[in-house]
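Order-wise, the sequence lines are chains L and X. For reference, each letter of the first sequence is one residue, going 7 to 567 in this note's numbering. For reference, each letter of the second sequence is one residue, going 7 to 567 in this note's numbering. For every residue, glycine included, the Cβ atom is placed at its ideal position computed from N, Cα and C. To start, the structure itself, in structure tokens.
Number of protein chains: 2
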Amino acid sequence: MSEQKTLQEASKEDGEINSRLKNLEEKPRETSGTEIKAEKLFEEFKEVSVTEFFRKNKSHLGYSGKLRSLTTAIHELVTNSLDACEEAGILPNIIVEIVELGKEHYRVIERDSGPGIPKKHITSVFGKMLAGTKFHRNIQLRGQQGIGVAGVTMFSQITTGKPVKITTSTGSGKVNEINLMIDVAKNNASIIGEEEYSDYWKGTEVECEMKGVMYYAGERSVYEYLRRTAITNPHAQITFIDPNDNKIIFERSDKVVPKPPKEVKPHPCGLGIDDLINMSKFTRVKKASHFLSHELARVSEKKVREIQEHLSFDLKKKKPRELSWSECEEIINAFGKVTFLAPSTEGLRPIGEEQIRGAILNVLEPEFEVVLTRKPTVYGGIPFQVEVAVAYGGKSGRKISDKKEEKGFKISSEIMRFANRTPLLFDAGGCGITKAVNEIDWKRYNIKNFETAPLTVVVNLSSTHIPYTSAGKQSVAVEKEIIKEIKIAIQEAGRKFARFHSKKQRAHEKEMRRKTLLKYSGELASALAAITGKNEAEIYSNLNVSIEERIKGEVSGDASE
Amino acid sequence: MSEQKTLQEASKEDGEINSRLKNLEEKPRETSGTEIKAEKLFEEFKEVSVTEFFRKNKSHLGYSGKLRSLTTAIHELVTNSLDACEEAGILPNIIVEIVELGKEHYRVIERDSGPGIPKKHITSVFGKMLAGTKFHRNIQLRGQQGIGVAGVTMFSQITTGKPVKITTSTGSGKVNEINLMIDVAKNNASIIGEEEYSDYWKGTEVECEMKGVMYYAGERSVYEYLRRTAITNPHAQITFIDPNDNKIIFERSDKVVPKPPKEVKPHPCGLGIDDLINMSKFTRVKKASHFLSHELARVSEKKVREIQEHLSFDLKKKKPRELSWSECEEIINAFGKVTFLAPSTEGLRPIGEEQIRGAILNVLEPEFEVVLTRKPTVYGGIPFQVEVAVAYGGKSGRKISDKKEEKGFKISSEIMRFANRTPLLFDAGGCGITKAVNEIDWKRYNIKNFETAPLTVVVNLSSTHIPYTSAGKQSVAVEKEIIKEIKIAIQEAGRKFARFHSKKQRAHEKEMRRKTLLKYSGELASALAAITGKNEAEIYSNLNVSIEERIKGEVSGDASE
Chain L
7 MSEQKTLQEA
17 SKEDGEINSR
27 LKNLEEKPRE
37 TSGTEIKAEK
47 LFEEFKEVSV
57 TEFFRKNKSH
67 LGYSGKLRSL
77 TTAIHELVTN
87 SLDACEEAGI
97 LPNIIVEIVE
107 LGKEHYRVIE
117 RDSGPGIPKK
127 HITSVFGKML
137 AGTKFHRNIQ
147 LRGQQGIGVA
157 GVTMFSQITT
167 GKPVKITTST
177 GSGKVNEINL
187 MIDVAKNNAS
197 IIGEEEYSDY
207 WKGTEVECEM
217 KGVMYYAGER
227 SVYEYLRRTA
237 ITNPHAQITF
247 IDPNDNKIIF
257 ERSDKVVPKP
267 PKEVKPHPCG
277 LGIDDLINMS
287 KFTRVKKASH
297 FLSHELARVS
307 EKKVREIQEH
317 LSFDLKKKKP
327 RELSWSECEE
337 IINAFGKVTF
347 LAPSTEGLRP
357 IGEEQIRGAI
367 LNVLEPEFEV
377 VLTRKPTVYG
387 GIPFQVEVAV
397 AYGGKSGRKI
407 SDKKEEKGFK
417 ISSEIMRFAN
427 RTPLLFDAGG
437 CGITKAVNEI
447 DWKRYNIKNF
457 ETAPLTVVVN
467 LSSTHIPYTS
477 AGKQSVAVEK
487 EIIKEIKIAI
497 QEAGRKFARF
507 HSKKQRAHEK
517 EMRRKTLLKY
527 SGELASALAA
537 ITGKNEAEIY
547 SNLNVSIEER
557 IKGEVSGDAS
567 E
Chain X
7 MSEQKTLQEA
17 SKEDGEINSR
27 LKNLEEKPRE
37 TSGTEIKAEK
47 LFEEFKEVSV
57 TEFFRKNKSH
67 LGYSGKLRSL
77 TTAIHELVTN
87 SLDACEEAGI
97 LPNIIVEIVE
107 LGKEHYRVIE
117 RDSGPGIPKK
127 HITSVFGKML
137 AGTKFHRNIQ
147 LRGQQGIGVA
157 GVTMFSQITT
167 GKPVKITTST
177 GSGKVNEINL
187 MIDVAKNNAS
197 IIGEEEYSDY
207 WKGTEVECEM
217 KGVMYYAGER
227 SVYEYLRRTA
237 ITNPHAQITF
247 IDPNDNKIIF
257 ERSDKVVPKP
267 PKEVKPHPCG
277 LGIDDLINMS
287 KFTRVKKASH
297 FLSHELARVS
307 EKKVREIQEH
317 LSFDLKKKKP
327 RELSWSECEE
337 IINAFGKVTF
347 LAPSTEGLRP
357 IGEEQIRGAI
367 LNVLEPEFEV
377 VLTRKPTVYG
387 GIPFQVEVAV
397 AYGGKSGRKI
407 SDKKEEKGFK
417 ISSEIMRFAN
427 RTPLLFDAGG
437 CGITKAVNEI
447 DWKRYNIKNF
457 ETAPLTVVVN
467 LSSTHIPYTS
477 AGKQSVAVEK
487 EIIKEIKIAI
497 QEAGRKFARF
507 HSKKQRAHEK
517 EMRRKTLLKY
527 SGELASALAA
537 ITGKNEAEIY
547 SNLNVSIEER
557 IKGEVSGDAS
567 E
């Protein structure tokens with residue numbers, strides 16, 4: 007009904023606009039002699055499946071370049087394992103093995119200690135895109151698209167022609183082993199072989215081959231990906247066997263299972279009309295008033311009454327399904343006039359200041375570090391939270407090999423980006439996190455040249471829906487609210503840093519003064535002894551004690567600032 | 007058959023790997039008390055449609071931010087119109103109108119003089135993602151995904167709840183007017199209203215409303231988008247009526263219809279095994295030998311014989327469908343050992359040096375410009391071609407407002423990125439074109455500080471398949487071959503530029519010497535007159551003539567270098 011009204015409204019204005027446009031085109035259109043008719047052009051019209059789409063546009067999924075493609079595949083498998091373990095309340099134990107089979111040809115094996123996959127879902131998880139348990143829930147997980155692992159199957163298959171082998175058990179005593187490929191045209195799994203046997207273990211193992219990829223141990227390698235994953239997931243045990251058969255274990259440093267991710271109701275702030283309309287179609291409650299308090303976070307019955315004051319219709323007399331677009335628009339506008347409690351922190355699972363500090367001290371051994379957690383807030387109705395850390399000195403920053411330098415390298419500042427604890431190694435240039443960090447005026451915080459400072463800036467963005475710029479999930483869209491939060495957090499950290507830095511500078515200056523004073527105390531003592539006739543050694547000793555006390559007093563005075 | 011063989015091969019190695027992995031897990035897995043079973047977790051398993059996916063991830067399509075979202079919508083509509091006109095061999099006449107209806111609420115109207123859309127295809131073009139005429143063809147068009155225009159319908163509908171109105175006619179005397187929305191769950195159009203009436207015109211007009219967007223006249227605005235589109239599409243007439251009712255016409259400067267884009271056969275260099283397998287299923291020819299010469303570019307019968315020499319089986323005795331993965335792999339490997347002609351330039355439609363120079367002279371009025379076109383080449387089997395221009399001085403570079411500066415602004419260098427003549431305004435940071443330009447050591451070309459030089463670098467990448475990093479099509483993936491081509495082109499331009507620049511510098515130095523010499527010629531003349539007793543004025547005049555001649559000789563000597 008509301009749609010028809012919309013159409014009628016729209017058609018009123020049609021005549022006017024059409025005549026305006028027609029007026030613009032006084033002259034006849036130029037056409038060439040070889041014009042081709044529309045019917046001919048549309049002979050080529052065709053629909054394609056989503057797998058076909060991503061097969062042709064595999065760079066959207068992060069499969070571009072030999073180095074990146076391999077890291078992407080590991081990233082998809084590992085995030086899936088971590089999500090499964092956490093949802094099931096299991097401490098993750100993950101093993102990644104990469105075996106070199108030939109030139110640019112590798113076997114990848116990834117095994118987790120997760121809950122396993124029920125038999126009937128195995129084919130969909132690995133052989134169908136846009137299918138999964140995560141997409142439609144308001145829950146903070148690493149995966150959120152239902153594309154990633156099926157993307158691994160696709161990439162493996164298009165580079166080697168071989169199926170992926172999945173071995174999984176839910177701990178029921180039965181183990182399922184399935185070899186499958188994707189039927190690209192249909193976006194469906196095709197099973198190449200399957201087996202079921204008895205064994206008591208639980209977890210999932212994926213084994214596949216890839217060609218046209220390369221393993222290397224650089225800055226954006228599988229190794230670095232796993233190392234960073236270990237930093238932000240101290241509860242996970244990650245073992246990596248590299249192509250040279252080196253076994254690296256990132257030990258679990260935290261034995262507490264993180265609280266399981268909780269599905270949260272959407273917060274009214276920033277919710278779109280379209281979202282509300284969609285939700286109104288699926289709710290089980292009968293009244294629109296109840297719909298709001300039942301389906302949204304932070305909307306009490308008292309708040310519903312406040313909302314009602316701004317509406318031209320009675321919420322109690324409407325069924326949710328009957329809400330028209332313009333009525334939902336009224337509700338959304340009313341949300342803007344009512345004050346709600348901030349979104350619950352329950353749905354978000356930041357890493358935690360202690361965990362971040364521990365990881366930073368462990369990995370970077372900095373002279374100084376600031377760790378900061380912002381309160382959760384929303385962008386476009388979606389809760390998110392920012393954690394930042396700034397570490398200075400020690401192993402902070404990034405070594406860039408430079409033969410001109412004495413040590414053979416120079417130091418550059420480093421930005422470590424994470425989204426829901428997952429390292430973002432690629433597409434840094436287009437990422438909102440990078441943008442936010444680069445917009446900081448570091449000079450204000452006593453860092454004369456950010457580029458060359460021994461500084462590591464860590465940013466972790468937690469959200470029930472990270473606004474990635476592409477299906478490759480390596481870059482966060484430039485959302486104003488997110489940029490703002492990151493900048494505020496870094497600025498706050500920057501102020502603390504500046505205090506440390508100027509304190510450090512003052513301490514340095516005092517030390518210089520102390521040295522200078524002590525240097526001359528011998529001469530002074532000898533002169534005073536000559537004038538006063540007192541014992542030179544005694545004067546010298548007294549002088550030194552008094553200098554030390556004075557300097558010490560100044561420094562401790564500082565510390566209590 | 008080949009697939010089963012693969013499976014057998016793979017299972018041979020299974021025992022070994024499994025035991026290796028099992029050895030890794032000496033300790034029992036840690037589990038928490040609140041473990042949740044897999045069956046419970048998978049209760050939430052669901053499939054979603056591609057529209058649902060992009061509704062939730064609209065930032066992948068470029069709908070993020072109020073300013074960008076509006077530019078994205080115009081970009082999709084205009085590229086679609088330009089493609090349609092060129093495929094039909096029609097000189098494009100495009101009108102874009104943006105009307106402000108309220109706060110962050112606009113009506114967008116886009117009309118073209120294209121071939122129109124046959125009635126039965128209207129709903130699919132605008133109401134279904136992954137459907138279109140472009141996706142599966144090896145042809146250089148701006149659109150290539152079948153998502154863009156349906157994305158406009160989706161964005162309009164989720165921000166306003168209103169349908170999009172399409173008015174189109176193929177010139178048959180019948181005009182179709184359809185109001186439609188997308189059924190998000192089904193990825194199908196739902197028709198809200200339709201009408202057919204008689205009129206003689208040809209073209210397509212799209213009208214829709216958008217909320218939560220903003221028009222502004224800045225660097226990445228609709229205005230700038232259309233201005234740059236006009237620069238690289240001199241054959242298009244583009245009229246823009248902005249929200250303040252200003253009418254801006256970018257006049258057509260070239261009345262020649264560009265040669266229509268041609269579908270080209272894939273070139274053997276870089277073709278994947280998977281691609282070959284796919285093609286073998288759809289060919290109509292009967293023999294594998296014939297399949298290669300018939301379906302691929304630059305593969306003559308002579309080349310087939312050369313390929314045959316590297317194979318373990320007889321191409322003439324195989325049907326294309328019977329080719330196994332490993333046989334296709336043999337063929338692909340053989341391709342690497344045979345020399346083929348470079349891919350045909352037919353399929354690519356660069357802008358052309360004359361057109362680029364004309365546009366640059368017109369818009370930037372530079373002191374000096376270099377325009378360069380590289381020969382077409384391939385990345386991963388896909389032909390592409392790079393055109394670059396470097397313009398110096400005049401209006402080159404970008405003005406950045408800076409109150410500290412005398413003029414209130416400072417100049418910064420500017421990179422104008424284009425893909426298939428379409429301006430890329432967003433995601434510059436993550437783009438391979440930006441990366442290539444930034445990797446240039448500009449100091450070698452006498453540009454001390456690239457950042458602050460009055461320099462505009464134009465790069466246009468033409469390809470039958472641009473490797474965009476996301477469905478938003480604003481950033482090109484970092485493909486090694488593409489980066490290399492762009493860098494070679496700019497370096498070549500840089501060398502020419504350096505010659506110009508050092509000539510300019512030498513001319514400047516000589517002018518300084520001339521001035522210095524002339525400055526002292528008076529004193530010299532007077533001193534010589536005193537010594538020789540000759541006429542001072544005469545000496546002075548002779549001196550000056552000799553200085554001018556000497557300097558002139560030096561300069562013209564330079565010019566003939």
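If you draw a straight line from the C-alpha of Ser547/X to the C-alpha of Thr538/X, how long is it? Position 541 of the second sequence holds residue 547/X. Position 532 of the second sequence holds residue 538/X. Looking at the two C-alpha atoms, the distance is approximately 16 Å.
Beta carbons nearer than 8 Å to chain C: which residues of the region 435-453 of chain X have them? In the structure shown, chain C does not exist; the protein chains are L and X.
Mapping DSSP to helix, strand and coil, what is Gln314/L? By 1-based counting over the first sequence, the position of residue 314/L is 308. DSSP places Gln314/L in helix when its eight states are reduced to three.
How is Tyr206/L classed by DSSP in three states: helix, strand or coil? Taking the first residue of the first sequence as 1, we reach residue 206/L at position 200. In the structure shown, Tyr206/L sits in coil (DSSP, three-state: anything other than H, G, I, E or B).
Less than 9 Å between the beta carbons of Lys217/L and His142/L, yes or no? Position 211 of the first sequence, counted from the first residue, corresponds to residue 217/L. Position 136 of the first sequence, counted from the first residue, corresponds to residue 142/L. Cβ atoms of Lys217/L and His142/L: not closer than 9 Å.
Does any residue of chain X have a CB that is nearer than 9 Å to the CB of Glu32/L? As a first step, residue 32/L must be located in the first sequence, where it is residue number 26. With a pLDDT of 37 at Glu32/L, under the threshold of 50, the modelled position of this residue cannot be trusted; read the value that follows with caution. Taking Cβ atoms only, chain X never reaches closer than 9 Å to Glu32/L, which makes this a no.
Which residues, in order along the region 473-484 of chain L, keep a beta-carbon less than 8 Å from a beta-carbon of chain X? Pro473, Tyr474, Thr475, Ser476, Ala477, Gly478, Ser481, Ala483, Val484
Using a Cβ cut-off of 8 Å, pull out every chain X residue sitting near Gly138/L, in sequence order please. The residue labelled residue 138/L in the question sits at position 132 within the first sequence. The contacting residues are Phe51, Lys52.
For Ala236/X, which residues from the same chain have a beta carbon less than 6 Å from its beta carbon, with the 5 sequence-adjacent residues on both sides left out? Within the second sequence, numbered from 1, the residue matching residue 236/X stands at position 230. Correct list, in chain order: Ile244, Phe256.
So Leu430/X is in the beta strand (DSSP E); what residue range does that whole segment cover? Indexing the second sequence from 1 puts residue 430/X at position 424. Here the beta strand (DSSP E) through Leu430/X covers 428-430.
Can you give the beta carbon distance from Thr289/L to Pro326/L, rounded, assuming they're within the 8 Å contact cut? Here residue 289/L is taken as the residue at index 283 of the first sequence, counted from 1. Here residue 326/L is taken as the residue at index 320 of the first sequence, counted from 1. About 5 Å; that satisfies the 8 Å criterion.
Hey, how far is the Cα of Lys540/X from the Cα of Asn550/X? Mapped onto the second sequence, residue 540/X falls at position 534. Mapped onto the second sequence, residue 550/X falls at position 544. So the alpha carbons of these two residues sit roughly 16 Å apart.
Is the region 432-450 of chain X in contact with the region 88-101 of chain X, if contact means three or more CB pairs nearer than 8 Å? no
Same chain only: Cβ atoms within 6 Å of Gln361/X, ignoring 5 sequence neighbours per side: As a first step, residue 361/X is located in the second sequence; it is residue number 355 there, counting from the start. If we look at Gln361/X and ignore the five residues flanking it on each side, its Cβ neighbours are Pro240.
Under the three-state DSSP convention, the category Asp89/L falls into: Against the first sequence, residue 89/L aligns to sequence position 83. Of the three classes helix, strand and coil, the one that applies to Asp89/L here is helix, per DSSP.
DSSP three-state call for Glu41/L: helix, strand or coil? Within the first sequence, residue 41/L is the residue found at index 35, counting from 1. Glu41/L: coil per DSSP, three-state reduction.
Which residues in chain L have a C-beta closer than 7 Å to the C-beta of Lys192/X? List them in chain order. Locating residue 192/X in the second sequence gives position 186, where the first residue counts as 1. Chain L residues near Lys192/X: none, gap ~13 Å exceeds 7 Å.
Got a sec? Which residues, its chain only, sit under 6 Å from His507/L by beta carbon, not counting five neighbours each side? Within the first sequence, numbered from 1, the residue matching residue 507/L stands at position 501. The answer, listed in chain order, is Asn452.
For a contact defined as C-beta to C-beta under 7 Å, what are the partners of Ile164/L on chain X? Looking up residue 164/L in the first sequence gives position 158. Gly278, Asp280, listed in chain order.
Quick one: which residues of the region 409-438 of chain X get their C-beta closer than 7 Å to a C-beta of chain L? List them in chain order. Asp433, Gly435, Gly436
On the DSSP bridge assignment, give the partners of Val170/L in chain order. As a position in the first sequence, residue 170/L is number 164, starting the count at 1. Beta-bridge pairing links Val170/L to Leu186/L.
Using a Cβ-Cβ cut-off of 9 Å, state whether Ala44/X counts as contacting chain L. Looking up residue 44/X in the second sequence gives position 38. Answer yes: the Cβ-Cβ gap between Ala44/X and chain L drops below 9 Å somewhere.
Between which two residues does the beta strand (DSSP E) holding Gln391/X run? If you number the second sequence from 1, residue 391/X lands on position 385. Residues 388-398.
Interface residues of chain X facing Ser70/L [CB-CB closer than 7 Å]: Indexing the first sequence from 1 puts residue 70/L at position 64. Here the neighbours are Pro473, Ala483, Val484, Glu485.
Going by other Cβ atoms of all chains shown within 10 Å of its Cβ, with 16 needed for buried, is Glu554/X buried or exposed? Within the second sequence, residue 554/X is the residue found at index 548, counting from 1. With fewer than 16 Cβ atoms within 10 Å of its Cβ, Glu554/X is classed as exposed.
Cβ-based neighbour list, Ala223/L, same chain, cut-off 6 Å, excluding 5 preceding and 5 following: Position 217 of the first sequence, counting from 1, holds the residue named residue 223/L. So the list reads Tyr229, once near-sequence residues are dropped.
Using C-beta distances below 7 Å, list every residue in its chain close to Glu373/X, excluding the 5 sequence neighbours before and after it, in chain order. Residue numbering aside, residue 373/X sits at position 367 when the second sequence is read from its first letter. Contacts found: Tyr398, Gly399, Gly400.
Going by DSSP, what residues sit across from Ile557/X in a beta bridge? Counted from its first residue, the second sequence places residue 557/X at position 551. Note: Ile557/X sits in no beta bridge, so no partner.
Of the choices Gly387/X, Val376/X, Val464/X, Pro356/X, whose alpha-carbon is the least far from that of Arg404/X? The sequence position of residue 404/X within the second sequence is 398, counting from 1. Of Gly387/X, Val376/X, Val464/X, Pro356/X, the residue nearest in Cα terms is Val464/X.
Quick check on Phe319/L - is its C-beta less than 9 Å from some C-beta in chain X? In the first sequence, residue 319/L corresponds to position 313, counting from 1. No, its Cβ sits nowhere closer than 9 Å to a Cβ of chain X.
Bridge partner(s) assigned by DSSP for Cys214/X: As a working note, residue 214/X is residue 208 in the second sequence. According to DSSP, Cys214/X bridges with Val114/X.
Taking 9 Å as the threshold (C-beta atoms), are Cys275/L and Val392/L in contact? Along the first sequence, read from residue 1 onward, the residue named residue 392/L stands at position 386. Along the first sequence, read from residue 1 onward, the residue named residue 275/L stands at position 269. Not a contact, by the Cβ cut-off of 9 Å.
Hey, how far is the Cα of Asn455/L from the Cα of Arg556/L? To locate residue 455/L, count along the first sequence from 1; it is residue 449. To locate residue 556/L, count along the first sequence from 1; it is residue 550. Those two C-alpha atoms are separated by around 34 Å.
So, using beta-carbon positions, are Ala477/X and His66/L closer together than 9 Å? Sequence index remark: in the second sequence, residue 477/X carries index 471 (1-based). Sequence index remark: in the first sequence, residue 66/L carries index 60 (1-based). A contact, by the Cβ cut-off of 9 Å.
Closest Cα partner of Gly278/X within the set Glu106/L, Ile164/L, Lys134/L, Val396/L: For the purposes of this step, residue 278/X is identified with residue 272 of the second sequence, where counting begins at 1. Out of Glu106/L, Ile164/L, Lys134/L, Val396/L, Ile164/L has the C-alpha closest to the C-alpha of Gly278/X.
Note down the Cα distance separating Ile128/X from Asn86/X, rounded to an integer number of angstroms. Position 122 of the second sequence, counting from 1, holds the residue named residue 128/X. Position 80 of the second sequence, counting from 1, holds the residue named residue 86/X. Their Cα atoms are separated by approximately 13 Å.
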